[in-house]
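Heads up: the sequence shown at position 313 corresponds to 313 in UniProt numbering, and the numbers run straight through without jumps. Beneath this line is the structure, given in structure tokens, with notes to follow.
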Amino acid sequence: MAACLSLLMAPILMICYFVTSSTKRRYRLKQGKDNMTPRGSQGRQLERIFASHPLRSKMIVFTAIMTCLAAEAEACVFSHNINANNTICHKTNSSDNCRQVQETTITLSERRPEACLRLRNANQTVGSMEVRLQHVVLSCNPVVLFYTRDVDIITESAKRCHLAGSCTSQTCSHTRRTTQIPELQDTYDFPGVSRCTTSCGGIGCGCLLPMPGCLFSRTFARPRNTKVYRVFHCPTWEESAMIKITHSDAKGKRRTTIVNVISQTTKVLDNINVTLEFVTTPTIPLLSSIFLQAVNNDSNSEVALIGNDDVFALRCPTESSTSNITECVMEDTCSCSPTETDANCQCRSLNITERANSVESRLPLSSSVLYLQDVHGRVQGISHDSVADLTIGTSVQYQTDNMVDYMDCDISASPLHGCYNCLRGAEVIFSCFSKQPIMVEVNCERHMFAAVCNSSTSHTAVTIHATLPKFKEACWVQCGSSHHNITLSGVLAYHASWITSNNKQGSKHANYVNMFNYPNLGHLLDVALENWKTAVTSFLAAALFIAIGALTIPKLIARLLC
């Protein structure tokens, strides 16, 4: 924006300058004719020379001003860097070919996502480079636990009297979960659990012999549809960073490249090597979740979260075994209360179709620290709290310096809103105005933030994790020649825990700020003391009401009874 304004102002100022110079020149010529005596040809020639050529120093000043304006149109971020010059040599035959490599290590996060480098050669600026962290991406390396299908749990029963069918005195004691029961042969097309319990015998139970009968039952899993699901978790996550690199040469030509760099790897660009040294990610419960994914759905991929309490009745070792379902195993999740003729079993099993279509558990899901999504069948998370350490290497003779914008700004901070001793934290919004887009550092007593400034008053939201309800911290901002003192303050609320809309596993986040989470009693006492008049008045009113009731209610009861 500032560059465009400079280009628009340049022709206007140039025209004004030449018009003013021409007017002054004609005025001086007129004054010279009226007041000055004629001189020789040499004097008149010198006069024409000076009159037709204004002072060139003014043009130099004008050019310098416009150059400064054009230079200030490029605004960037300040970042702390560690620079190192390395010399790399390759031995070929009997000679060594060496080249100097400039390496710069920078640390970026969502709170401070950008760093700028000035490229110099022989004490001259030959360009600049802006490195901006777009996202820190965590890609799941899945480990399959088992495969499953959405099933109905059905229990069928059959009663036999003693010595009738396959019922003998030893049948129930020898029946196991995989025992073949002839009376329930039609149920063995599906995996299930076999049972046998003793039942009543004798004429009263429909049997001739006064011996205990057998109540055979089998609970089996019958698929509802043809969909196959895999249940997996992510013991490891592949870390990568989406980096946006903008290179500006000495002529002002800008070239932008977006690259995805995996941790411990190097991305080679034109004369630039970008290495992601490592990524630091805090403990995030969502990364330890168990996932459910449809593997034979051609239309779209369905990935959902499941909890530790969810029960899968059908488990298959491989994907191919789900086609021949008899190779799968059914978990005994039933609780049975047998009657004379029926097993009466209540079985637990997750409704997979309902869970996969649930908005509360289906990806994408978002929390304050992580955004989980399904990207072409692979679970990926965008971490908001990760920190990436990058090494930028150049193979030319560049020297990197930190770039600081010396642009004046006007910045203010809103009161804090949020909670203390909670994962969500409190939010403060910085409002910053500057004539050109820049980013400034907000240095506080215990924190450091980066805020964006522009001509439309940019608003930057940051999160602070406080442990006390009354928060107050002094901060200062240095932008250009102006120094601003800012005070971050606010009264925060108390929440025992923070739960997202998804009430499943991984949605309730632990309290990272304080292990023992309880309200601050000092703040409660301060509120009571600040409003002691109201508290005393309320207490006296309650005491008066109780006293009047104690005196009048017995008399009123006595009058009603008498």
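Cβ coordinates follow ideal geometry from the N, Cα and C atoms, glycine included. Just so you know, these numbers come straight off a predicted model, no measurement behind them.
Residues near residue i in its chain [Cβ-Cβ closer than 6 Å; skip 5 each side]
i	result
ARG230	VAL144, TYR147, GLN293 and VAL295
SER482	ASP408
ILE306	ILE290 and LEU292
THR236	ASN141
GLU302	ALA294 and ALA356
SER288	none
VAL369	ILE284, HIS384 and ASP385
THR179	SER194
C-beta contact flag for residue i and residue j at 7 Å
i	j	result
SER217	THR155	yes
CYS409	CYS479	yes
VAL491	LYS470	yes
VAL330	PRO142	Note that residue 330 is Met in the sequence shown here, rather than Val. Against a cut-off of 7 Å, the Cβ pair of PRO142 and MET330 comes out as no contact.
HIS162	GLY201	yes
ARG222	ASP152	yes
CYS172	THR198	yes
CYS334	CYS316	no
THR275	THR391	yes
THR281	SER386	yes
SER458	CYS432	yes
GLU238	VAL279	no
ASN273	THR266	yes
VAL261	ILE243	yes
LEU314	ARG177	no
residue 595	VAL228	For the chain, the structure presents residues 1 to 562; residue 595 sits outside this window and is missing.
LEU350	ASP310	yes
ALA241	VAL136	yes
PHE220	THR187	yes
ASP374	GLU277	no
PRO182	SER169	no
For residue i, the three-state DSSP class (helix, strand or coil)
i	result
HIS233	strand
VAL536	helix
LEU556	helix
HIS162	coil
ILE464	strand
CYS172	helix
ASP189	coil
residue 569	Any question about residue 569 goes unanswered here, given that the chain covers just 1 to 562.
LEU492	coil
ILE548	helix
PRO415	coil
GLU445	coil
ILE203	helix
GLU183	helix
LEU208	coil
ALA3	Low per-residue confidence applies at ALA3: pLDDT is 43, beneath 50, and the placement is therefore not dependable enough to give any value.
TYR512	Because the pLDDT of TYR512 is 41, which lies under 50, any placement of that residue in the model is unreliable, and the question is left without a value.
7 Å CB neighbourhood of residue i in its chain, flanking five on each side removed
i	result
PRO113	ARG132 and LEU133
VAL184	Reading off the sequence shown, one finds Leu at residue 184, where the question assumed Val. These residues qualify, in order along the chain: GLU156, ALA158, PHE216 and ARG218.
SER337	ASN344
LEU372	LEU286, LEU363, PRO364, LEU365, VAL379 and GLY381
ILE325	PHE190, PRO191 and PRO223
residue 571	Missing from the structure shown is residue 571; the chain here goes from 1 to 562 and no further.
PRO210	GLY201 and GLY202
Contact test: residue i Cβ vs the ligand HEM heavy atom, cutoff 6 Å
i	result
ILE553	Among the components of this structure there are no ligands whatsoever, and the ligand HEM is therefore not found.
Proximal residues to residue i (C-beta, below 8 Å), its chain only, five neighbours per side dropped
i	result
ILE411	PHE430, SER431, CYS432, PHE433, VAL440, VAL442, ALA451, CYS453, VAL477, CYS479, HIS484 and ILE486
THR552	none
LYS159	SER199, GLY213, CYS214, LEU215, PHE216, GLU340 and THR341
LEU269	ILE245, THR257 and VAL259
SER358	ALA304
Open item on the list: Give the list of continuous beta strand (DSSP E) stretches no shorter than 3 residues that lie fully inside the stretch 231-287.
Closed with: 254-262, 266-269 and 272-280
Open item on the list: Restricting to runs no shorter than 4 residues, where is the alpha helix (DSSP H) found entirely within the stretch 299-387?
Closed with: 352-356
- [ ] Indicate whether the contact test is met: 3 or more Cβ pairs, each with one atom in the stretch 452-465 and one in the stretch 426-435, closer than 8 Å.
- [x] yes
Open item on the list: Using a Cβ distance threshold of 8 Å, determine whether the stretch 439-454 contacts the stretch 379-388, with at least three qualifying pairs required.
Closed with: no
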